[in-house]
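These notes are about the structure you will find just below.
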């Protein structure tokens, strides 16, 4: 297979649809958008870390994504084993978008694991992904990005 020319720009397929464009929240894993959700709960609106304080330790509220889709096999693979001991706990980025697609807010979720997932294969025969009713993510720390 020939090497791509450094002089030619990379072209984008204009007919490719964005499976996340109709969702207000986009979840990023390993630098790529992997999920979209209609609603999210558990995020702080303040500009600083807001742990729930208990004697002896800090606990952050779980982040719950609802009514969404996942179209990334790498993220699906991580989800399927994320609650097992010894599995990597990646950092995730969650962004809130307006109706034009402009990012309004962004949160970084540190050392994440899945607490609960209610999902099923996408019902569209052309789609290869998951329809998510609820995805609950436990994070050890989080921050609202500037």
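Numbering (this note's numbering), first residue to last: 34 to 179. Backbone N, C-alpha and C define an ideal beta-carbon position, used for all residues, glycine too.
What is the DSSP secondary structure of residue i, counted as helix, strand or coil?
{"i": "residue 112", "result": "helix"}
{"i": "residue 119", "result": "coil"}
{"i": "residue 107", "result": "helix"}
{"i": "residue 56", "result": "coil"}
{"i": "residue 99", "result": "strand"}
Mind checking whether residue i and residue j have CB atoms under 7 Å apart?
{"i": "residue 96", "j": "residue 170", "result": "yes"}
{"i": "residue 172", "j": "residue 93", "result": "yes"}
{"i": "residue 58", "j": "residue 129", "result": "yes"}
For residue i, count neighbouring Cβ atoms within 10 angstroms of its own Cβ and tell me buried if that reaches 16, exposed if not.
{"i": "residue 80", "result": "Below a pLDDT of 50, predicted positions are generally treated as unreliable, and residue 80, at 46, falls in that range; no measurement from the model is reported."}
{"i": "residue 175", "result": "buried"}
{"i": "residue 137", "result": "exposed"}
Taking residue i as the reference, which of the options has the closest Cα?
{"i": "residue 98", "options": "167, 174, 136 and 135", "result": "167"}
{"i": "residue 106", "options": "177, 57 and 154", "result": "154"}
Provide the residue span of the beta strand (DSSP E) that contains residue i, from first to last.
{"i": "residue 143", "result": "136-143"}
{"i": "residue 154", "result": "146-154"}
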